[in-house]
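The structure appears right after this line, and notes come after that.
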Amino acid sequence: LLVGSCLVILIVITLCGNIIVCLAVTLDRRLRSLTNCIIVSLAITDLLVGLLVLPFSAFYELTKEWPFGSILCNIYTSLDVMLCTASILNLFMISLDRYFAVTTPLRYRQVVTPSRVAVGLGVIWTVSLMVSFLPIHLGWNTNGTAVQNTGPCNKECTLEVNFVYGLVDALLTFYIPLVIMCITYYRILKIAREQAKRINHMWGNTSTLPMVKEHKATVTLAVVLGAFIVCWFPYFTMFTYRGVWGDSRVKGTPMSIVLWLGYANSALNPILYGTLNRDFRVAYQHLLHC
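Following full-length UniProt numbering, the numbering of the sequence shown begins with 1 at its first residue and continues without gaps.
So, in structure tokens, the structure goes:
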């Protein structure tokens, strides 16, 4: 009962939080920017996770049976991989956008254009499709040629992982984006500190407003990156381990915990990318008062 309640609460937070982000950007003109277009893309992706993936995941987690047949099972696992991958890559794209905003502020509008953002979003969904529906429905993720979950009288619904799929998927959709995100956020923090020091030198007071703002920016970026790592690193560590050492090595409760920890990132994203931004906070207040 406790586990079921926690899963339901997580699903409700995921749905409500991401709906509020979409409504806020739609109704508030101040939020209509290219950066927030990517945040809306992230919110829509996380909303689809809450609608199409989490209810089935919660049902399977609580009953330990899959009564909906193998076709729906493989569609569900494909959607799971595709949407979680798209969510992670949207976070990656946000980090790149912020990197260009800080490192090239005068040329930002020439570097980050609507067409380039559209191409970036197109690449995100292309990659997400290529690591989900394609390998799962062609059996590229299994040991052998058979498509997963298609055995007679099969009541399980699991994502199988072989050596190649485990390494390629983990590198392409998590480890490489993670390394680049760490580098970009480090550069952003370094530049923010240098700018704050220059301003404080001009102001002649180390306790003035710029240092406070710099501290807030540091905390915000640390929280965003920290939440991403905490939520997804355990899952992809186990995912890679399964691919390298054997699919049956990690099952049951440990796999469930790291999987739902990853899902939790879809609930945290609207909080982190919304409430840590002052304009979003004001828009949230207007929405909730209405």
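For glycine and all other residues, C-beta sits at the position ideal for the given N, C-alpha and C. Predicted model only: the values in this text are computed from it and were never measured.
- With 16 or more neighbouring CB atoms inside 10 Å of its own CB, residue 259 falls in the buried class.
- Apart from sequence neighbours up to five positions away, no residue of its chain approaches residue 105 with a beta-carbon distance below 6 Å.
- Scanning 285, 279, 161 for the CA closest to the CA of residue 29 turns up 279.
- Residue 16 and residue 267 have their C-alpha atoms roughly 9 Å apart.
- Sequence-distant partners of residue 273 (beyond 5 residues in either direction) whose C-beta falls short of 6 Å from its own C-beta, in its chain, are 39.
- For residue 73, the enclosing alpha helix (DSSP H) begins and ends at 70 to 103.
- It is roughly 33 Å from the alpha-carbon of residue 5 to the alpha-carbon of residue 93.
- Taking C-alpha positions only, residue 172 is separated from residue 226 by approximately 20 Å.
- Residues 83, 266 of the same chain have their beta carbon placed closer than 6 Å to that of residue 49, with the five preceding and five following residues left out of the count.
- Assignment of residue 285 by DSSP, reduced to helix, strand and coil, places it in the helix class.
- Between residue 66 and residue 156 a beta carbon distance of about 6 Å is seen, short of the 8 Å cut, so the two are scored as contacting.
- Following the DSSP letters along the chain, one finds residue 114 inside the alpha helix (DSSP H) bounded by residues 114 to 130.
- Comparing alpha carbon positions, the residue from 102, 124, 136, 111 closest to residue 195 is 102.
- In terms of Cβ geometry, residue 133 and residue 243 do not form a close pair [threshold 8 Å].
- A direct Cα-to-Cα measurement between residue 12 and residue 264 gives close to 11 Å.
- Per DSSP, reduced to three states, the secondary structure at residue 1 is coil, with no helix or strand assignment.
- In terms of Cβ geometry, residue 100 and residue 117 do not form a close pair [threshold 8 Å].
- In the structure shown, residue 278 adopts helical secondary structure according to DSSP, grouped into three states.
- Cβ contact annotation for residue 154 (same chain, cutoff 7 Å, sequence separation greater than five): 70, in chain order.
- Where residue 61 is concerned, the enclosing alpha helix (DSSP H) starts and stops at 54 to 63.
- For residue 266, the enclosing alpha helix (DSSP H) has its first and last residue at 253 to 270.
- Cα atoms of residue 81 and residue 221: separation of roughly 26 Å, rounded to the nearest angstrom.
- Taking 8 Å as the upper bound for CB-CB distance, residue 57 and residue 136 are not in contact here, some 16 Å apart.
- In terms of Cβ geometry, residue 235 and residue 95 do not form a close pair [threshold 8 Å].
- Residue 143 sits exposed, since fewer than 16 C-beta atoms from the chains shown fall within 10 Å of its C-beta.
- With a threshold of 16 other beta carbon atoms within 10 Å, residue 41 meets it and is buried.
- In the same chain as residue 254, and ignoring 5 residues on each side of it, the C-beta atoms closer than 8 Å to its own belong to 238, in chain order.
- Taking the Cα positions, residue 219 is about 24 Å away from residue 108.
- Counting the other CB atoms within 10 Å of its CB gives residue 257 a total below 16, which places it among the exposed residues.
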